[in-house]
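With this note's numbering as the guide, the letters of the sequence shown map in order to residues 218 to 401.
We treat Cβ as the ideally placed atom computed from N, Cα and C, and that holds for glycine.
Since the structure is predicted, the reported quantities are computational estimates derived from the model, not experimental observations.
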Amino acid sequence: MVNPLLYRVLPSELADSAQIIDFRGKVGDFERLCKISETEIKAVAGSAQTRDWQDSAVRVGLSFAWLDPGMRIVSATGQVTAGLPVVCQRCLEPFELVIDTPIRMLFGESLDDSRYADYDVWEVDGTAIVLRDVVEEALVMAMPLAPLHDASTICGRQAEEIPAEYPETTRPFEDLRARMKAKD
Ligand SMILES: [Zn+2]
């Protein structure tokens with residue numbers, strides 16, 4: 218299947234054609250997500266992780282438009298949903314966390330303006346972008362620093378052994394995020 222998220226595209230062209238992206242893929246299509254997931258899985262020594270997490274679904278819906286009459290700023294709005302393998306920071310068992318987050322992104326130059334506070338900003342100066350990067354950024358930003366099972370009742374056996382106020386000594390995402398930022 219052709220993945221429209223992998224093309225190098227100009228935001229202005231997407232806005233000109235009022236492009237709508239409706240893509241169903243899998244975590245395996247996203248390199249950064251795969252790296253994060255691999256790190257998460259490896260963090261659980263000896264865990265019986267048999268599920269093929271690369272096949273977890275990623276659903277992306279995005280529409281592009283010009284935000285301003287002067288056609289200087291492109292907006293991309295929509296939603297992304299993905300099932301990502303994480304480690305519960307309460308019971309240390311791996312589980313699939315479904316992240317469902319809106320995307321509100323602007324593409325343009327010098328967008329440091331309070332009028333755009335409702336949006337995330339992707340500074341571009343007429344260069345092409347790869348939408349996969351935009352989607353990954355949104356998912357990474359939506360990840361909780363300390364993922365937890367919904368309720369302690371479905372936590373693993375260790376839930377009973379760890380007091381609720383157990384200090385969060387490991388925050389894998391915080392470190393990962395910092396490292397990925399440094400790489401950009
Ligand atoms: Zn748990």
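Cα-Cα separation, VAL226 to CYS372: Working through the sequence shown from its first residue, we reach residue 226 at position 9. Working through the sequence shown from its first residue, we reach residue 372 at position 155. The straight-line gap from Cα to Cα measures roughly 44 angstroms.
Residue-chain proximity (ALA368, chain D), Cβ-Cβ < 9 angstroms: The structure shown contains no chain D; it holds only a single protein chain.
First and last residue of the uninterrupted alpha helix (DSSP H) at ILE253: Against the sequence shown, residue 253 aligns to sequence position 36. From DSSP, the alpha helix (DSSP H) with ILE253 extends over 248–259.
Which of helix, strand or coil DSSP assigns to SER229: Indexing the sequence shown from 1 puts residue 229 at position 12. Here SER229 sits in helix by DSSP.
For VAL219, the three-state DSSP class (helix, strand or coil): To locate residue 219, count along the sequence shown from 1; it is residue 2. Here VAL219 sits in coil by DSSP.
Bounding residues of the alpha helix (DSSP H) (the contiguous stretch that carries LEU279): What you label residue 279 is simply residue 62 of the sequence shown in a count that begins at 1. It is not in any alpha helix (DSSP H) - LEU279 instead sits in the beta strand (DSSP E) that spans 274–283.
Residues of its chain near GLN236, where Cβ-Cβ distance is below 6 angstroms and the 5 sequence neighbours each way are ignored: What you label residue 236 is simply residue 19 of the sequence shown in a count that begins at 1. PHE281.
C-beta atoms of LEU250 and VAL291 nearer than 9 angstroms: Indexing the sequence shown from 1 puts residue 250 at position 33. Indexing the sequence shown from 1 puts residue 291 at position 74. Cβ atoms of LEU250 and VAL291: not closer than 9 angstroms.
Given ILE231 as reference, the closest of LEU309, MET288, ALA334 and ASP335 once Cα atoms are compared: Walking along the sequence shown from the start, residue 231 turns up at place 14. In the sequence as presented, Ile is not what sits at residue 231; that position holds Leu. Comparing Cα positions, the closest option is MET288.
Among LEU314, PRO221, ASP233 and HIS366, the one whose alpha carbon lies nearest that of ARG307: Residue mapping note: residue 307 aligns to position 90 of the sequence shown, counting from 1. Taking only the C-alpha atoms, the option nearest ARG307 is HIS366.
LEU365 CB to nearest heavy atom of ligand 1 below 8 angstroms: Walking along the sequence shown from the start, residue 365 turns up at place 148. Yes, Cβ of LEU365 sits closer than 8 angstroms to a heavy atom of ligand 1.
Three-way DSSP call (helix, strand, coil) for GLY245 in this model: Against the sequence shown, residue 245 aligns to sequence position 28. Looking at GLY245 - three-state DSSP - the assignment turns out to be helix.
Length of the line joining the Cα atoms of MET360 and VAL277: For the purposes of this step, residue 360 is taken as residue 143 along the sequence shown, with counting starting at 1. For the purposes of this step, residue 277 is taken as residue 60 along the sequence shown, with counting starting at 1. Taking the straight line from one Cα to the other gives about 16 angstroms.
Near ligand 1: ILE258 beta-carbon under 8 angstroms from a heavy atom: As a working mapping, residue 258 is identified with position 41 in the sequence shown. Not under cutoff, so the answer is no.
Between the CA atoms of VAL341 and SER331 - distance to the nearest angstrom: Along the sequence shown, read from residue 1 onward, the residue named residue 331 stands at position 114. Along the sequence shown, read from residue 1 onward, the residue named residue 341 stands at position 124. If I take the Cα positions, the gap works out to 18 angstroms.
Close-in-space but distant-in-sequence residues of the same chain around PHE324 (CB under 6 angstroms, 5 per side omitted): Taking the first residue of the sequence shown as 1, we reach residue 324 at position 107. Hits under 6 angstroms: PRO228, VAL291, TRP339 and VAL341.
C-beta atoms of LEU356 and PHE247 nearer than 9 angstroms: For the purposes of this step, residue 356 is taken as residue 139 along the sequence shown, with counting starting at 1. For the purposes of this step, residue 247 is taken as residue 30 along the sequence shown, with counting starting at 1. Yes, the Cβ-Cβ distance between LEU356 and PHE247 is below 9 angstroms.
Distance between GLY300 and TYR333 (C-alpha atoms, nearest Å): Stepping through the sequence shown from its first residue, residue 333 is reached at position 116. Stepping through the sequence shown from its first residue, residue 300 is reached at position 83. Taking the straight line joining both Cα atoms gives about 29 angstroms.
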